[in-house]
């Protein structure tokens with residue numbers, strides 16, 4: 003029986019979903035067809051921060067619960083941090099490069115952009131970190147798919163000097179050659195779960211859960227769990243731009259997670275950056291502990307008091 007994979011209709015979403023479909027067929031022999039689902043986020047031009055968490059996944063989850071599709075592929079960073087009681091993340095495939103990338107006119111790097119240059123991005127996290135660098139750049143909030151964002155720098159009607167976007171999306175679309183700089187996480191810490199995919203199905207579909215587990219990459223799952231655990235804990239008392247990046251490396255006593263986290267004021271004037279280490283088995287606890295460290299250091303004051 004052919005499995006139905008729900009996906010958004012953007013070029014990037016279709017590419018990511020087809021990658022998962024091909025990998026599942028190769029691993030299990032089961033054929034997969036893509037089913038396009040339009041989400042509220044696809045219908046709106048409003049900033050993502052205003053639309054709210056989950057705006058790109060709600061329609062896919064509705065289709066899953068209605069039995070219209072068998073499983074869905076999400077950009078993991080789009081998912082709300084709370085677990086859904088009727089759905090299950092059956093696989094987290096090997097992560098693409100989680101760093102941010104700059105695409106600029108004339109092959110320029112971030113430091114080479116002249117003062118006053120216009121740089122576009124849609125993420126409050128990126129806007130805050132660009133401002134924190136003190137490079138006198140004019141940040142323009144933008145929406146749109148990867149191709150349309152790049153066209154604003156390299157297209158015939160270009161109106162920006164540069165854009166910053168997730169390197170993973172650019173790479174998956176085969177446009178890595180246009181990246182003029184991959185940004186060091188010390189300058190631009192990524193969003194929690196950036197570059198990772200989440201393969202989700204109904205929690206009671208045990209046969210499919212077992213089938214999809216063939217795609218799971220344990221180190222990626224642990225890294226993402228640490229990052230999202232930090233984010234989930236911060237959301238209770240901090241609405242400032244949040245960034246996190248976990249790496250898993252071989253230590254003296256086995257694999258270790260090194261998690262870096264940051265909360266930055268929207269104007270970039272203040273930032274709190276801390277880190278924690280631990281084992282992959284304790285990924286969730288590491289993330290929660292780092293969030294508490296950040297809150298203890300005053301992270302919840304960066305945007306004033308929150309309810």
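In this note's numbering, the protein residues as written are 3 to 309. Glycine included, every Cβ here is placed at the ideal spot set by N, Cα and C.
- With a cutoff of 7 Å on beta-carbon distance, residue 304 and residue 245 are scored as not near each other.
- Unbroken beta strand (DSSP E) runs of no fewer than 3 residues, entirely contained in the stretch 124-166, are found at 140-143, following chain order.
- For residue 62 against residue 204, the beta-carbon gap comes to about 12 Å, at or over 8 Å, which does not count as contact.
- Proximity to residue 83 across 39, 220, 69, 228 peaks at 228, based on C-alpha coordinates.
- Burial is judged here by how many other beta carbons sit within 10 angstroms of a residue's own beta carbon; residue 201 has at least 16 and is buried.
- When only Cα atoms are considered, residue 281 and residue 256 end up about 8 Å apart.
- Pairing residue 209 with residue 3, the inter-Cα distance amounts to about 13 Å.
- Collapsing the DSSP output to three states places residue 17 in a helix.
- Residue 9 carries a strand assignment under DSSP once its states are collapsed to helix, strand and coil.
- Per DSSP, the continuous alpha helix (DSSP H) segment holding residue 288 begins and ends at 285-298.
- Boundaries cannot be given for residue 71, as no beta strand (DSSP E) includes it and DSSP labels it neither H nor E.
- Between residue 91 and residue 152, the gap from beta carbon to beta carbon reaches 7 Å or more.
- With a beta-carbon spacing of about 17 Å, residue 296 and residue 270 fall beyond the 8 Å limit used to define contacts.
- With fewer than 16 neighbouring CB atoms inside 10 Å of its own CB, residue 29 falls in the exposed class.
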